[in-house]
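One structure is given here, and the rest of the page talks about it.
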Amino acid sequence: MSVADHLRRVRDVTLPLRDILEQRVDEPHVPRWCESRGWATFLVGLSESELVDAEAHGLLRAMPERAPDSLKALAQDVLSVTSLPRVSGSTPLGTEALRNVRLRKRAQLSGLLAAVRRMADAAERVVDVGAGSGHFTRLSADLFQREALGLEQSAERVASAKRRSTAALASFVAVDALAELRLERGDLAIGLHACGALGDHLSRAVASARCGLALVSCCLQKIPQDVRLPLSGGIELRREHLGLANLTSQPRGVEASIEVTIGARQTRYALGQLLRARGVPLEPGAEMSGINRRQANAGLARVASLALALRALPPPTDHELAHHDSLAAKDYALIRRLSLPRSMLSRLVEVLVSLDRAAHLEEQGLGVRVAELFEPAVSPRNIGIFANPDAGLLPAA
Ligand SMILES: C[S@@+](CC[C@H](N)C(=O)[O-])C[C@H]1O[C@@H](n2cnc3c(N)ncnc32)[C@H](O)[C@@H]1O
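Throughout the sequence shown, residue numbering follows my numbering, covering 404 to 800 in sequence.
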């Protein structure tokens, strides 16, 4: 199936679900999309163990047999259109080269280097866009014996990349790649976890240079405007729809166990309610603004103290904390159940945007492949978009 055909299928499944994308479940009330599809009784009646199972594996994969047929059919459709081939392979890397590189990043680097090997051998230069600490830049310069240029907006990360790199062919520049990105026909452009707007910009720049690309997207919601316009046959998505793609269901979260993750979400909900009860106007999701999100793992007392201090308000009382903790336990149990169908759409959004970028590249005559590049445990943001003027050099899937 061509990328354009795959994109059409994903679009056909997504368009009738716009109302679900539109209405987040922020309150303990049955949303309209749930009422109108007749899913509420089933969802509200889920036992705690069914709920935990669905949160850990996604309702897509942990759907109880008695679920309404329309919900089961939707799960089937989503699973079918979001399934992608897998690019496998790894590149052995020396311990010195990987010193101070996190384990998961090591696996990402090893997988990506293996995937682009043939494209890199044919390229004149590797351009690593959003290079971070420059690991891919320096490793690819050494491995492929090619000039490798790392572009990164953070001057601090560029300085650290320069300190770290001994690769003669690697260089690093502090630059905003959204403003300045010049690619040549012989380049292989890399975006390993290139955030929202950068991923789109890179796709456009590669399409017009008609060069090679390996792009693994992440944080799709990081866009300057409210809406992402499609590059090809995708659909318009607002920032909060794009944010859905960051949701990951895994028995063990990437940074913490699912229990800790759910506990932190309940704490954030309790915090939002406490702040509103104090008269603080809040957009959904804004309760943790200015506070490191990991602080939510420490419980309501901690984040409430921080959030109130940030607003120059008196600290929380014991009574207030106990009241909002117990209210949140009740409300959040309902919110968790009602959120399951919307969370089911997370991969759909991610695949839709990846295919939209890929279709744009295909329209320019490039050979294109969209495939999973890592195990979700290595990174849940694991969709690779590969493009090359010579389709024969794309990684095998
Ligand atoms: C998620 S990190 C990935 C870093 C690296 N590629 C890796 O995989 O470790 C994204 C990086 O892109 C950089 N970045 C984001 N927008 C950028 C822009 N407009 N120009 C250059 N770098 C940018 C960020 O500063 C950050 O270092």
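We treat Cβ as the ideally placed atom computed from N, Cα and C, and that holds for glycine.
| message | Using a Cβ-Cβ cutoff of less than 8 Å, which residues in the same chain neighbour V657 once the five nearest sequence positions on both sides are dropped? | response | Translated into positions along the sequence shown, residue 657 becomes position 254. With a pLDDT of 49 at V657, under the threshold of 50, the predicted position of this residue should be treated as unreliable, though the coordinate-derived value follows. Cβ-Cβ distances below 8 Å link V657 to R507, T651, A780, S782, P783 in the same chain, with the five nearest sequence neighbours on each side left out; the list follows chain order.
| Where C437 sits in the DSSP three-state scheme | Mapped onto the sequence shown, residue 437 falls at position 34. It is helical.
| message | Within 8 Å, do at least three Cβ pairs link the stretch 716-725 to the stretch 685-697? | response | They do not touch, by the three-pair rule.
| said: If I measure Cβ to Cβ from T540 and keep anything under 6 Å in the same chain, skipping five residues before and after, which residues do I get? | reply: To locate residue 540, count along the sequence shown from 1; it is residue 137. Excluding residues within five positions, the ones whose Cβ falls inside 6 Å are D531, A534, A551, G553, A573.
| said: My assumption, with CB atoms under 8 Å, is that L647 sits in contact with S749. Please give the rounded CB distance. | reply: Along the sequence shown, read from residue 1 onward, the residue named residue 647 stands at position 244. Along the sequence shown, read from residue 1 onward, the residue named residue 749 stands at position 346. Indeed they touch by this definition, with Cβ atoms about 5 Å apart.
| query | On the three-state DSSP scale, how would you describe I638? | reply | Working through the sequence shown from its first residue, we reach residue 638 at position 235. The answer is coil: DSSP assigns I638 none of H, G, I, E or B.
| Counting Cβ pairs closer than 8 Å, one from the stretch 771-778 and one from the stretch 454-464, do we hit at least three? | By the Cβ test, the stretch 771-778 is not in contact with the stretch 454-464, since fewer than three Cβ pairs between them sit closer than 8 Å.
| request: Verify the CB distance criterion: does R705 have a CB-CB separation below 9 Å to chain D? | output: The question asks about chain D, but that chain is absent: this structure has only one protein chain.
| task | Give the C-beta separation of R549 and R528 to the nearest angstrom, bearing in mind that I take them to be a contact with Cβ-Cβ under 8 Å. | result | Along the sequence shown, read from residue 1 onward, the residue named residue 549 stands at position 146. Along the sequence shown, read from residue 1 onward, the residue named residue 528 stands at position 125. Indeed, because the Cβ distance is near 6 Å, the residues count as touching under 8 Å.
| said: Can you tell me which residues form a DSSP beta bridge with D531? | reply: Against the sequence shown, residue 531 aligns to sequence position 128. Its beta-bridge partners are G553, I593.
| query | In chain order, which continuous runs of the alpha helix (DSSP H) of length 4 or greater are located wholly inside the stretch 420-507? | reply | Listed in chain order, they are 421-425, 435-440, 443-447, 451-460, 472-485.
| query | Are L616 and I423 closer than 9 Å when you measure CB to CB? | reply | Here the question's residue 616 lines up with position 213 in the sequence shown. Here the question's residue 423 lines up with position 20 in the sequence shown. Result no, Cβ atoms of L616 and I423 do not sit closer than 9 Å.
| So is V706 buried or exposed if we call it buried at 16+ other beta carbons inside 10 Å? | Counted from its first residue, the sequence shown places residue 706 at position 303. Looking at its Cβ environment, which holds 16 or more other Cβ atoms inside 10 Å, V706 is buried.
| Secondary structure of A780, DSSP reduced to three states | Here residue 780 is taken as the residue at index 377 of the sequence shown, counted from 1. Reduced to three states, the DSSP call for A780 is coil.
| Alpha carbon of S473 to alpha carbon of R745, nearest angstrom | Counted from its first residue, the sequence shown places residue 473 at position 70. Counted from its first residue, the sequence shown places residue 745 at position 342. If you take the alpha carbons of S473 and R745, they lie about 14 Å apart.
| message | Once DSSP output is grouped into helix, strand and coil, what is the label at V657? | response | Locating residue 657 in the sequence shown gives position 254, where the first residue counts as 1. Annotation note: pLDDT 49 at V657 (below 50); position unreliable, no value reported.
| query | Going by the C-beta, is D579 closer than 8 Å to any heavy atom of ligand 1? | reply | As a first step, residue 579 is located in the sequence shown; it is residue number 176 there, counting from the start. True, at least one ligand heavy atom lies under 8 Å from that Cβ.
| task | Run the CB neighbour count on G448, radius 10 Å, all protein chains shown included, and call it buried at 16 or more, exposed below. | result | Against the sequence shown, residue 448 aligns to sequence position 45. G448 should be labelled exposed.
| field | Nearest neighbour of G537, chosen from D545, A525, E555 [CA to CA] | value | Here the question's residue 537 lines up with position 134 in the sequence shown. With distances taken between Cα atoms, G537 lies closest to E555.
| message | Does the distance between the C-beta of Q624 and the nearest non-hydrogen atom of ligand 1 fall short of 8 Å? | response | If you number the sequence shown from 1, residue 624 lands on position 221. No, ligand 1 has no heavy atom inside 8 Å of this Cβ.
| Helix or strand or just coil, what does DSSP make of I788? | Stepping through the sequence shown from its first residue, residue 788 is reached at position 385. Looking at I788 - three-state DSSP - the assignment turns out to be strand.
| When you compare only the Cα positions, how much space is there between D793 and E587? | As a first step, residue 793 is located in the sequence shown; it is residue number 390 there, counting from the start. As a first step, residue 587 is located in the sequence shown; it is residue number 184 there, counting from the start. Spanning the two alpha carbons is a distance of roughly 15 Å.
| For Q624 versus G594, is the C-beta distance shorter than 9 Å? | Mapped onto the sequence shown, residue 624 falls at position 221. Mapped onto the sequence shown, residue 594 falls at position 191. It is not a contact, given that the beta carbons lie outside the stated cut-off.
| field | ligand 1 heavy atom lying under 8 Å from the CB of A597 | value | By 1-based counting over the sequence shown, the position of residue 597 is 194. At least one heavy atom of ligand 1 is nearer than 8 Å to the Cβ of A597, so yes.
| field | Exposure label - R801; buried when at least 16 CB within 10 Å | value | Past the edges of the chain, shown from 404 to 800, lies residue 801, and the structure says nothing about it.
| field | 9 Å Cβ cutoff met for V752 and N700 | value | As a working note, residue 752 is residue 349 in the sequence shown. As a working note, residue 700 is residue 297 in the sequence shown. Taking the C-beta atoms as reference points, N700 is found no nearer than 9 Å to V752.
| query | Could you give the C-beta distance for G636 and L410, rounded to a whole number, given that I count them as a contact under 8 Å? | reply | Taking the sequence shown and counting its residues from 1, one reaches residue 636 at position 233. Taking the sequence shown and counting its residues from 1, one reaches residue 410 at position 7. Correct: roughly 5 Å between the Cβ atoms.
| Just to check, is the beta-carbon of V532 closer than 8 Å to a non-hydrogen atom of ligand 1? | For this step, residue 532 is matched to residue 129 along the sequence shown. Result yes, Cβ under 8 Å from ligand 1.
| query | Based on the DSSP output, what are the partners of S742 in its beta bridges? | reply | Counted from its first residue, the sequence shown places residue 742 at position 339. DSSP, once it has assigned bridges, lists no residue as partnering S742.
| request: May I have a chain-ordered list of the alpha helix (DSSP H) segments no shorter than 4 residues that lie completely inside the stretch 644-708? | output: For the stretch 644-708, whole alpha helix (DSSP H) runs of length 4 or above, ordered along the chain, are 661-680.
| task | Please find out if some non-hydrogen atom of ligand 1 comes closer than 8 Å to the beta-carbon of A570. | result | Taking the first residue of the sequence shown as position 1, residue 570 is located at position 167. Checking every heavy atom of ligand 1 against the Cβ of A570, none is found closer than 8 Å.
| query | CB-CB under 6 Å to R607, same chain, minus the five flanking residues each way: which ones, in chain order? | reply | In the sequence shown, the residue the question calls residue 607 occupies position 204. Excluding residues within five positions, none has a Cβ falling inside 6 Å.
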